[in-house]
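Remarks on the structure that follows.
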Amino acid sequence: MPRVFLGVDCGTQATKAVLRDATTGAVVAVGRAPHKLIARDDGTSEQDPAWWIDALRTAVRDAFRGDTFDVGGIGVSGQQHGLVCLDEGDRPVRAAKLWNDTTTARECAELTRKLGGDGRVLELTGNLLLPGYTAAKIAWVAAHEP
């Protein structure tokens, strides 16, 4: 049974799975499953987290194609700055707001103002606040979906 490493990337557009030979690093197989996107003119960019799980199953199944491998390790990467709100049972209560959702621009500006402006935020954190960052998303949900 060939030994492989499984790499998985859950990106904005799709989940990809790749099997690499553990000795040579050669790509043995790949699988891919696209994601749907909830996009609106107001800057909304969201996905149902259940779609990611379905895509993961499909991409990995496609990569394995019914073959048997000895999986020596799994590496996972994914989108940054998304917000998945969970209930007490760890179930999503709404679609995930993605990194490129800009409906949060007003909340981002307000957070920046409350923290003393761009200069102070930069001094405190080493970064400016951007609408795509999670803090603005949390503020948006609190204001619009309490």
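In this text, residue positions in the sequence shown follow this note's numbering: the first is 2, and each later residue adds one.
Glycine included, C-beta positions come from ideal geometry on N, C-alpha and C.
Note that the coordinates shown come from a computational prediction; the quantities given were computed from them, not determined experimentally.
- One alpha carbon belongs to ARG33, the other to THR59, and they sit about 7 Å apart.
- Boundaries of the alpha helix (DSSP H) around ASP55: 50-65.
- Judged by pairs of C-beta atoms under 8 Å, the segment 77-85 touches the segment 133-147, as three or more such pairs exist.
- Nearest in C-alpha terms to ALA51, of all of ARG95, PHE6, VAL31, is ARG95.
- Of all C-beta pairs linking the segment 65-79 to the segment 10-26, three or more are shorter than 8 Å, placing the two stretches in contact.
- Relative to the Cα of VAL29, the nearest Cα in the group LYS37, PRO35, LEU20, MET2 belongs to LEU20.
- The three-state reading of DSSP puts THR16 in strand, counting E and B together.
- In the structure shown, the three-state DSSP call for GLY26 is coil.
- Within the segment 65-115, the complete beta strand (DSSP E) runs of at least 3 residues fall at 71-79.
- Residue state for ARG121 is assigned as helix, using DSSP reduced to three classes.
- Separation of ILE39 and VAL122 (C-alpha to C-alpha, rounded to the nearest whole angstrom) is 31 Å.
- Just measuring C-alpha positions, the residue of PRO35, VAL31, PRO3, ALA15 sitting nearest ALA23 is PRO3.
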